[in-house]
Each structure stands twice: as structure tokens, then as C-alpha cells.
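Undergrad:
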Amino acid sequence: MTASEVPTARSVITVTRRLPPAVEARLTAMFDVRLNSTDVPLDAVALSRAMASSDAMITTLGDPLHAATLHAATLPGSSAVRTKLIAHFGVGYDNIDITVARELGITVTNTPGVLTDDTADLAMLLMLATARRAGEAERELRAGDWSGWHPTHLLGTRVSGKTLGIVGFGRIGRAVAARARDGFGMRVLAWSRSLTQPQANDAGVTRCATIEALLASSDFVSVHVPSTHHTRHLINGERLSRMRPGAFLINTSRGDVVDESALVAALRAGAIAGAGLDVFEGEPAVRPELLQLPNAVLLPHIGSATHETRTAMGMLAVDNLEAFFAGHEVPNRVA
Ligand code: 8YV
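This note's numbering puts the first residue of the sequence shown at 23, with every later residue one more than the last.
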């Protein structure tokens, strides 16, 4: 954006979902803000209309900004969209067609870094909950079915000292590695398409040359890759069959990275011991077969859901808006 394009009146910002109060207050003080008071997700038509009538948007992963929706937002007789910035509230932005956004001259930013620790904590929580059968145990107690302590009741699998394989070694993968190694004395293996030996050495992990080698050698596998056309069904039936029979799969990244029907088959057959999932292929819908499996711990995409992190994510999105409308380079550009 050039200085001449910077709107002089207060810029109109549409925020697609409710955000923490401190974030909404800061936004409202700076911009002409259209908040979503109902907190109901906007459909494709409402998203296009909002883009056609706002200078910028704050979006979330529940807002599919595919090519058709972006094109539908163009002004009549023009290939331009009024929205010049999509400040996405989240680190993953697979809901946005970045190529089309770029073609339409829309800047896109995300919120990296601030959610790393909470998402890594949740991966550890899922590892512990699946291995120690916390979901099953709590369901039993709440149902009034606990008949008292006995030596063979609800025996699980030890986490400490085991081998963890991390698929994808970005910020969150590295944060999980540090927790597992330093907190739980685990041996940590890592694989990603770009991980180099010096990077693995620096992080104190063992680099696997192939994902298959990592899967075959891990007691726990935790997935930390973004959703792209390269990673869709990265963990498919063939790769699940490479895992150890007693191993657990943890996914806090994106649902489509794991072939869920193959995962259900592997869990049913006892080909792996369990799965801890915070993300799903068709979320918020969850495959009914998964709901029936006692060896799956299922959470409703709460990786970054703490007061601290959601506020920090919102503030980072506002930092990007502020920089953009001041005519500066945005801090977290992805397009
Ligand atoms: C966010 C996430 O809560 O940041 C991400 O990529 O998956 C979540 O932790 C979500 O993106 C909000 O839009």
C-alpha cells in the first residue's frame, strides 16, 4: 500500500468472530470496527460482502476464503477488492487461498510464535492422556462405575523415558521436543522435509532421514506440519502400518494431515495403541467411529485456547492492522 492509498477516515475492519475483550477494546479505539455480535460463523456470501465493504478483515480458521469467495468480493466491473488486508487470527492459514489473495492485491498476515507454548503443552497433555487412559478413567468415574482401587485397574503405558517422534520441526515441533526431552527424559526423533543435521544437533534431537524410519522407531508420534497439498494425508494407512503396535499418534496440527478413516481402521485393529486428536478432517464434525473408540482422546481444537494466548494472538493481529494502515511493512506477512 502506498501512502496515497492509506484511508484518511477511520478504516473499516470486519472481525468475523468474537475476540477477547482487551483485543476488541483496542480495535474499537483505533478503527471503525464491525464485530460479529452473534459469534456465528459467516457463510461464503456474508464473507464476500464483508470483504467488499471493509478495508481489512480479521479472520479465523472457520472462515473459508477460497478463490470463489475472494473473487465474489471484487467491486463491480473491477478486479479489485476493498479489503486490502486479511489479518488472520491463527498461525495456520490453510483456509485462505493465498495465491488468489496475492493476485487480488490483498496482504495476508498470521499470528506465529504467541501460540507455540500452549499448543506444545496440549500435545504433551494428549500424549499423557492417551497413554494413561485419562479420558476412559474420567468417564468411568463420572458414570459412577468406579468400584475402588485395585492393582490391575486401568493400567496404561509409561510416557517418561520413551521415544517420541516429531513430524514437522517448526516452532511448535521444537517446543514439544524440549518439553519431552527436558521434562520427561524422552529420546526425541525428528523428521521434516527441510530439517538439517546441524539444526537437529542444535535442538538435541535425532534426525530421521525418512518419515518411515521415524514412525518405525517411535513410541509416540506427534504431528506438527501445516496443512498444504504436500501434507494432506501425510499419515496414511501405509504409514500408520509402519508404526509400532504399542505406539500412540498425537495430532494438534490440522485434521487433514492424517487420513482419519485409515486411523480408525488402525485403532480398531489394534495396529497402534491409541490416538490423541485436537483437530479433525471435517471439524467441527467428528467421525462417529472415532467417538466410539475408547483408545482415542478427542479435544475440540483447543491447542491455543488460553486467555493469555488468545489475547496475544488478537494483539498480534491488531499490530499487523496498525502497521498496515500506518503505511509500514506488516510484521507477519504471509502474502
Ligand atoms: C487457532 C490454530 O486457535 O493458529 C492456528 O493455526 O490452529 C489455532 O490454534 C486458530 O487458528 C484460530 O483461527
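By construction, the Cβ of each residue, glycine as well, lies at the ideal position given by its N, Cα and C atoms.
Using DSSP with H/G/I as helix, E/B as strand and the rest coil, what is PHE53?
TA: In the structure shown, PHE53 sits in coil (DSSP, three-state: anything other than H, G, I, E or B).
Undergrad: Going by the C-beta, is MET146 closer than 8 Å to any heavy atom of the ligand 8YV?
TA: No - the ligand 8YV has no heavy atom lying nearer than 8 Å to the Cβ of MET146.
Undergrad: Measuring from the CB of THR133, is there a heavy atom of the ligand 8YV at a distance below 8 Å?
TA: Within the cutoff, so yes.
Undergrad: Which same chain residues end up closer than 6 Å to SER275 when comparing Cβ atoms and leaving out the 5 residues on each side of it in sequence?
TA: Correct list, in chain order: VAL245, HIS246 and VAL247.
Undergrad: Using CA atoms only, rank isn't needed, just tell me which of VAL340, ALA293, ARG32 and ALA153 is closest to HIS110.
TA: With distances taken between Cα atoms, HIS110 lies closest to VAL340.
Undergrad: Quick check on this structure: which residue in THR96, ALA222 and VAL227 has the alpha carbon closest to the alpha carbon of ARG209?
TA: Ranking the options by Cα distance to ARG209, first place goes to VAL227.
Undergrad: Give me the DSSP bridge partner(s) of GLY298.
TA: DSSP, once it has assigned bridges, lists ILE272 and VAL319 as partnering GLY298.
Undergrad: Can you tell me the Cβ-Cβ gap for GLY178 and ARG154, rounded? I've got them flagged as a contact below 8 Å.
TA: 4 Å between Cβ atoms; contact.
Undergrad: In the DSSP assignment, the alpha helix (DSSP H) including LEU313 goes from what residue to what residue?
TA: Here the alpha helix (DSSP H) through LEU313 covers 310 to 313.
Undergrad: From which residue to which residue does the beta strand (DSSP E) around GLY187 run?
TA: Taken as a continuous stretch (DSSP letters only), the beta strand (DSSP E) holding GLY187 covers 185 to 189.
Undergrad: Looking only at its chain, what residues have a beta carbon closer than 6 Å to the beta carbon of LEU57, apart from the 5 residues adjacent to it on each side?
TA: VAL37, listed in sequence order.
Undergrad: Report yes or no: do the stretch 221 to 235 and the stretch 252 to 270 share at least 3 C-beta pairs separated by less than 8 Å?
TA: Taking 8 Å as the limit for Cβ pairs, the verdict is that the stretch 252 to 270 does touch the stretch 221 to 235.
Undergrad: Any chance the stretch 85 to 94 sits against the stretch 116 to 125, with 3 or more Cβ pairs inside 8 Å?
TA: Touching, yes, given that three or more Cβ pairs across the two stretches are closer than 8 Å.
Undergrad: I'd like the span of the beta strand (DSSP E) that includes ILE35, first residue to last.
TA: Its beta strand (DSSP E) spans residues 34 to 37.
Undergrad: Hey, is MET335 close to the ligand 8YV, as in C-beta under 8 Å from one of its heavy atoms?
TA: The answer is yes for MET335.
Undergrad: For LEU315, collect the residues of the same chain with a Cβ closer than 6 Å to its Cβ; drop the 5 residues on either side in sequence, then sort them by chain order.
TA: LEU289.
Undergrad: Does the beta-carbon of LEU163 have 16 or more other beta-carbons within 10 angstroms, so that it is buried, or is it exposed?
TA: Exposed, by the Cβ-count rule.
Undergrad: Is any heavy atom of the ligand 8YV found at a distance shorter than 8 Å from the C-beta of LEU83?
TA: LEU83 Cβ: within cutoff of the ligand 8YV.
Undergrad: Assuming VAL319 and ALA68 make a contact with CB atoms under 8 Å, what is their CB distance in whole Å?
TA: Incorrect: roughly 35 Å between the Cβ atoms, too far for contact.
Undergrad: Looking only at its own chain, which residues have a Cβ that is under 6 Å from the Cβ of LEU186, when we skip the five neighbours before and after it?
TA: Within the same chain, LEU186 has close Cβ partners ALA202, MET208, VAL210 and PHE242.
Undergrad: Go through its chain and collect everything with a Cβ distance to LEU144's Cβ below 7 Å, but skip five positions before and after it.
TA: Closer than 7 Å at Cβ, skipping near neighbours: THR274, ASP300, ILE324 and GLY325.
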